[in-house]
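**Student:**
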Amino acid sequence: MSRLALDIDHVGLVGPDIHATVAAFRKLGFRVTEPVELMGTAPDGSEQSLGQQSAHFVFGTTYVELSEVIRPGPGHHLAAWLGSGHALRILILRADNIEAVREHAARAKQSPSPVGEASRILHYAGGAAARFRWLALPAECFPEALCGYVQHLTPELVFWPPMNNHPNGAAELTGLTLRAPDAEDAERRFGLLERPDAPGLLDIRPAQDGRRGFTGLHLRTRSLEQTAKALNEAAQSFERTTGSIRVQAPGIHLIFSE
Numbered sequence: 242m243s244r245l246a247l248d249i250d251h252v253g254l255v256g257p258d259i260h261a262t263v264a265a266f267r268k269l270g271f272r273v274t275e276p277v278e279l280m281g282t283a284p285d286g287s288e289q290s291l292g293q294q295s296a297h298f299v300f301g302t303t304y305v306e307l308s309e310v311i312r313p314g315p316g317h318h319l320a321a322w323l324g325s326g327h328a329l330r331i332l333i334l335r336a337d338n339i340e341a342v343r344e345h346a347a348r349a350k351q352s353p354s355p356v357g358e359a360s361r362i363l364h365y366a367g368g369a370a371a372r373f374r375w376l377a378l379p380a381e382c383f384p385e386a387l388c389g390y391v392q393h394l395t396p397e398l399v400f401w402p403p404m405n406n407h408p409n410g411a412a413e414l415t416g417l418t419l420r421a422p423d424a425e426d427a428e429r430r431f432g433l434l435e436r437p438d439a440p441g442l443l444d445i446r447p448a449q450d451g452r453r454g455f456t457g458l459h460l461r462t463r464s465l466e467q468t469a470k471a472l473n474e475a476a477q478s479f480e481r482t483t484g485s486i487r488v489q490a491p492g493i494h495l496i497f498s499e
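All residue numbers for the sequence shown refer to the working numbering, where the first residue is 242 and numbers rise by one.
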């Protein structure tokens with residue numbers, strides 16, 4: 242087992258039927274936005290659909306994206322990572338200067354994509370549009386999920402404080418568990434993304450009992466009692482141990498701790 246420090250901005254869970262996925266996470270006690278279509282910028286500067294609907298639940302400095310690819314195809318930016326069922330297929334790190342990050346990744350021979358622009362309409366903050374600049378790293382380097390970086394152009398809209406008020410007490414995304422067939426190789430590859438002073442952790446473990454890929458999402462809760470109460474009220478089964486609560490969500494286990 243190894244642990245790497247990553248500056249996680251957000252992760253994305255991708256699966257069928259975005260409305261059912263949203264309902265499942267609301268039942269788990271998250272305040273989830275309504276799904277909206279993601280938009281990108283075409284070469285001529287006009288807006289174009291990215292063929293993807295997404296909803297979000299937001300914390301203080303991180304968030305979780307729930308997505309359904311509505312127009313899959315070889316040209317979709319998630320094409321290399323799509324599969325049946327729900328799975329965590331997106332891991333995006335924070336960038337203060339996306340151009341500088343791209344130059345650094347190119348020097349490290351990570352073959353970053355060109356910097357793209359994207360936006361989405363928010364169901365809070367007065368219906369404003371959140372805007373981003375982002376890049377992706379190649380699937381051959383990170384087959385587990387689309388890995389890349391994002392620079393927020395409107396962070397004050399994305400991390401709108403009233404949205405970080407979840408009935409289950411969740412307050413921040415703190416890390417991920419990755420089950421890898423070759424844990425040493427995964428440590429080498431993801432080690433290129435490490436930032437030693439970053440607040441997020443990637444816990445890399447060997448694949449086990451057919452489990453591989455991102456299997457755990459770690460969350461800080463304001464109160465385990467609040468988390469347990471919300472899950473009990475939703476008649477949602479969970480496992481509680483000293484210092485944590487573990488519950489199955491679509492495609493991933495959620496691990497809450499204070």
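Idealized CB from N, CA, C, for every residue including glycine.
To the nearest angstrom, report how far apart F431 and Q467 are at their CA atoms.
**Tutor:** The residue you call residue 431 lines up with position 190 of the sequence shown. The residue you call residue 467 lines up with position 226 of the sequence shown. When rounded, the distance between both Cα atoms is 34 Å.
**Student:** What residue does the beta strand (DSSP E) around H494 start on, and which one ends it?
**Tutor:** Taking the first residue of the sequence shown as 1, we reach residue 494 at position 253. Segment I493 to S498, the beta strand (DSSP E) holding H494.
**Student:** Can you find at least 3 beta carbon pairs, one from the region 313–325 and one from the region 365–372, that sit closer than 8 Å?
**Tutor:** Judged by Cβ distances under 8 Å, the region 313–325 makes no contact with the region 365–372, as fewer than three pairs qualify.
**Student:** For T483, count neighbouring Cβ atoms within 10 angstroms of its own Cβ and tell me buried if that reaches 16, exposed if not.
**Tutor:** Along the sequence shown, read from residue 1 onward, the residue named residue 483 stands at position 242. Counting Cβ neighbours within 10 Å, T483 comes out exposed, since fewer than 16 surround it.
**Student:** In angstroms with no decimal places, state the Cα-to-Cα distance between R361 and S290.
**Tutor:** Within the sequence shown, numbered from 1, the residue matching residue 361 stands at position 120. Within the sequence shown, numbered from 1, the residue matching residue 290 stands at position 49. Cα-Cα distance, rounded: 10 Å.
**Student:** Are the beta-carbon atoms belonging to V391 and W375 less than 8 Å from one another?
**Tutor:** On the sequence shown, position 150 is the one that residue 391 refers to. On the sequence shown, position 134 is the one that residue 375 refers to. Against a cut-off of 8 Å, the Cβ pair of W375 and V391 comes out as a contact.
**Student:** So what's I445 in DSSP terms, helix, strand or just coil?
**Tutor:** The sequence position of residue 445 within the sequence shown is 204, counting from 1. Looking at I445 - three-state DSSP - the assignment turns out to be strand.
**Student:** Straight-line CA distance for P257 to G324?
**Tutor:** Here the question's residue 257 lines up with position 16 in the sequence shown. Here the question's residue 324 lines up with position 83 in the sequence shown. The straight-line gap from Cα to Cα measures roughly 10 Å.
**Student:** In the structure shown, what three-state DSSP assignment does H260 receive?
**Tutor:** Translated into the one-based positions of the sequence shown, residue 260 becomes position 19. It is helical.
**Student:** To the nearest angstrom, how far is it from the Cα of A349 to the Cα of A377?
**Tutor:** Looking up residue 349 in the sequence shown gives position 108. Looking up residue 377 in the sequence shown gives position 136. Roughly 14 Å separates the two Cα atoms.
**Student:** Taking 8 Å as the cut-off, does the region 246–253 touch the region 301–309 (at least 3 CB pairs, one atom from each stretch)?
**Tutor:** Yes, since at least three Cβ pairs between the region 301–309 and the region 246–253 fall closer than 8 Å, the two stretches touch.
**Student:** To the nearest angstrom, how far is it from the Cα of A321 to the Cα of E385?
**Tutor:** Walking along the sequence shown from the start, residue 321 turns up at place 80. Walking along the sequence shown from the start, residue 385 turns up at place 144. Roughly 10 Å separates the two Cα atoms.
**Student:** Over what stretch of residues does the beta strand (DSSP E) that includes E480 continue unbroken?
**Tutor:** As a working note, residue 480 is residue 239 in the sequence shown. Element bounds for E480: E480 to T482.
**Student:** As a quick exercise: from G410, G441 and P408, pick the residue whose alpha carbon is nearest that of L417.
**Tutor:** Locating residue 417 in the sequence shown gives position 176, counting from the first residue. Answer by Cα proximity: G441.
**Student:** Restricting to runs no shorter than 3 residues, where is the beta strand (DSSP E) found entirely within the region 261–308?
**Tutor:** Here the runs fully enclosed are 277–282 and 288–299.
**Student:** What does the alpha-carbon distance come out to for the pair H260 and R330?
**Tutor:** In the sequence shown, the residue the question calls residue 260 occupies position 19. In the sequence shown, the residue the question calls residue 330 occupies position 89. Near 18 Å, if we compare the C-alpha coordinates of R330 and H260.
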